[in-house]
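Heads up, the thing below is written out as structure tokens.
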Amino acid sequence: MTGDDLKQARKALALSRRHLAELCNLHPDTVRYWEKKPLVDYAGHAPSLMINKLGIPLPPVERPKRKQNQSTFGYFVTPKRARHGVLEKQDRKCGANTRKGTKCRAPTMPGKSRCKLHGGLSTGPQTQQGRANIAEAQRKRWCKKDRQRE
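All the letters of the sequence shown, read from the start, carry residue numbers 269 to 418 under the working numbering.
Next up, the structure:
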């Protein structure tokens, strides 16, 4: 099923996106999102709600069969960490100095060495003035380190 099929079914019942969204308890942008898709995965939550409300008959969803030795962790064979800690908590702590002088105990961001509060989500300076401020701070820091070495 394509997004165009979904849109045609909605228009055949003379429903607006907003009205269908209200019937399904979804946001109107969700309806628009799925109507623009080249292929609608009708096993998903939002598409299945819309398809049921529109009364479109579909074949049952085929799930991949489990192997005999595969455990019951969904599509994962083991309960190990998958995609940056989705299945398992990370053990690494941030360790940045807090205002109290203690070490931060928050978990680090996936692929980073700091938590979200101490630079794990930082994208760096965005303006020329911000870049200049960072460069000046670095120069001061290196001058201070050079004086300490002497």
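Note that CB positions come from ideal geometry on N, CA and C, so glycine has one too.
- Between the stretch 314 to 323 and the stretch 292 to 306, the count of Cβ pairs shorter than 8 Å is three or higher; the stretches touch.
- Each of GLY363, LEU385, ALA280 was checked against the Cα of GLY323, and the nearest Cα belongs to ALA280.
- With contact defined as three or more Cβ pairs closer than 8 Å, the stretch 381 to 393 and the stretch 359 to 368 are in contact.
- Burial check for LEU307: the Cβ neighbour count within 10 Å stays below 16, so the residue is exposed.
- Looking at GLN394, LYS361, LYS371, the one whose alpha-carbon comes closest to that of PRO378 is LYS361.
- Membership of LEU317 in the alpha helix (DSSP H) is indicated by the continuous run 313 to 322.
- Counting of Cβ neighbours within 10 angstroms places CYS411 among the exposed residues, the total staying below 16.
- ARG278 is positioned such that its CB atom lies no closer than 8 Å to that of LEU291.
- Under DSSP, PRO375 takes part in a beta bridge, and its partners are LYS361.
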